[in-house]
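Worksheet for the structure shown next.
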Amino acid sequence: MRTPLIAGNWKLFKTLAEATALVDELAPLISAVDDVEVVVAPVFTAISAVAKAAEKTVIKVAAQDCYWEEEGAFTGEVSPKLLKDAGCSHVIIGHSERRQYFGETEETVNRKTKAALKAGLVVLLCVGETLAERESNATFSVIKTQVSGGLAGIPASDLAHVVIAYEPVWAIGTGKTASDAQAQEVHAFIRSLVAELYSSSEADALRILYGGSVKPENVKGLMSQADIDGALVGGASLKAESFAGIVRFKG
Ligand code: PEP
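Here it is, written out as structure tokens:
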């Protein structure tokens, strides 16, 4: 009932030529895949070129962040409206690297989420605990704060345009993946939280992605979990072969 979504976060990698070449290489490798939504998130400067390269493919384009104002004197920022104009359908908000290095807070994540939804973008809202938080048994309280903070004031009618990505910070770019059971436990918790905040039918329809060192070798186990509906992939999305291997998780 929930269409799986596999998203690649290219972070601060790929020139224009490299980004469009990756789309050209990836598209034929996944053209036969049925019923999986595929999204890639290039750097801002490559968005429109990637969107053009992806035009006749199943690949959709996301930005890695956005600002909450539509326009104005906000030097260096990019608004959801301009992301749409450049060819984005999705935007990643609240990635742990933005929380860690760029001062992202629950409030800014929430403002960005609201603005992106208003502009008609699908939001990939990232949440996840650090290793210290997991080791001090704070995982569920951190996730609760981040999910309820990110979704604060967002009406149920907009929830269909939100995807939550659970990305334990200790598993991002480290080669350490949460076990299938560890990931499932948090995904189930997020779904129950959304059921409390909204309703069980909204929670049942919500897609929750796992992120953290997902590779072709571990995606099957993760995707077989009841509450894991896809993956947000960093490192392994930078090569067509490995990302295609993840998109083709069904075999
Ligand atoms: C990410 O950046 O969202 C991510 C999950 O990275 P990686 O797959 O490299 O751990």
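374 is the number of the first residue of the sequence shown in my numbering; add one for each residue after it.
C-beta atoms are modelled at their ideal positions from N, C-alpha and C, and glycine is treated no differently.
Predicted model, so just to flag it, every value in this text is computed and none were measured.
Cβ separation of residue i and residue j, assumed to be a contact under 8 Å, to the nearest whole Å
i, j, result
"V411", "V434", "Incorrect: roughly 10 Å between the Cβ atoms, too far for contact."
"D553", "G594", "5 Å"
"A459", "I420", "5 Å"
"E540", "S469", "6 Å"
"S586", "G618", "The Cβ separation is near 14 Å, so there is no contact."
"V413", "S572", "Not quite, the Cβ-Cβ distance comes to about 32 Å (not below 8 Å), so this is no contact."
"V542", "L498", "With 8 Å as the limit, V542 and L498 do not qualify as a contact, their Cβ atoms being about 15 Å apart."
"P377", "G603", "5 Å"
"I545", "K487", "Between K487 and I545 the Cβ distance is about 25 Å, and since that is not below 8 Å, they are no contact."
"A489", "V496", "5 Å"
"L524", "L570", "6 Å"
"Q598", "A529", "Going by Cβ atoms, the distance from Q598 to A529 rounds to 25 Å, so no, they are not a contact pair."
"L605", "A436", "Actually they do not touch by this definition, with Cβ atoms about 14 Å apart."
Cβ neighbours of residue i in the same chain (closer than 7 Å, five flanking residues each side left out)
i, result
"L494", "P453, L456, K457, C461, S462, H463, V464"
"V406", "V620, R621"
"E398", "A613"
"R471", "D438, E477"
"E506", "T512, V515"
"L395", "K387, A613"
"A561", "D600"
"T393", "A422, V423, A426"
"G501", "S469, Y539, E540, P541, V542"
"K517", "L566"
"R580", "R375, L378, V536, D602, G603"
"D408", "T376"
Residues that DSSP places opposite residue i in a beta bridge
i, result
"N483", "Answer by DSSP bridge pairing: none, since N483 is not bridged."
"K429", "Per DSSP, none; premise fails for K429."
"A414", "N382"
"L497", "I465, V536"
"A435", "H463"
"L333", "Outside the displayed range of the chain (374 to 624) lies residue 333, so it cannot be described from this structure."
Own chain, CB closer than 6 Å to residue i, minus 5 neighbours either side, in chain order
i, result
"A576", "R564, V567, A568"
"N591", "T550"
"K485", "C439, W441, I466"
"K588", "A609"
"V504", "The amino acid at residue 504 is misidentified as Val; the sequence shows Leu. Excluding sequence neighbours, L504 sits near W543."
"A400", "T430"
"E443", "S452, K454"
Sequence-distant residues of its chain with Cβ nearer than 8 Å to residue i (five each side left out)
i, result
"T418", "L389"
"A578", "M374, R375, L532, A533"
"K491", "P453"
"S615", "K588, P589, A609"
"E480", "G522"
Near the ligand GDP: residue i beta-carbon under 7 Å from a heavy atom
i, result
"V411", "Only the ligand PEP can be found as ligands here, which leaves the ligand GDP out of the picture."
3-residue-minimum beta strand (DSSP E) runs that sit fully inside the region 536-602, ordered along the chain: The region 536-602 contains these whole beta strand (DSSP E) runs: 580-584.
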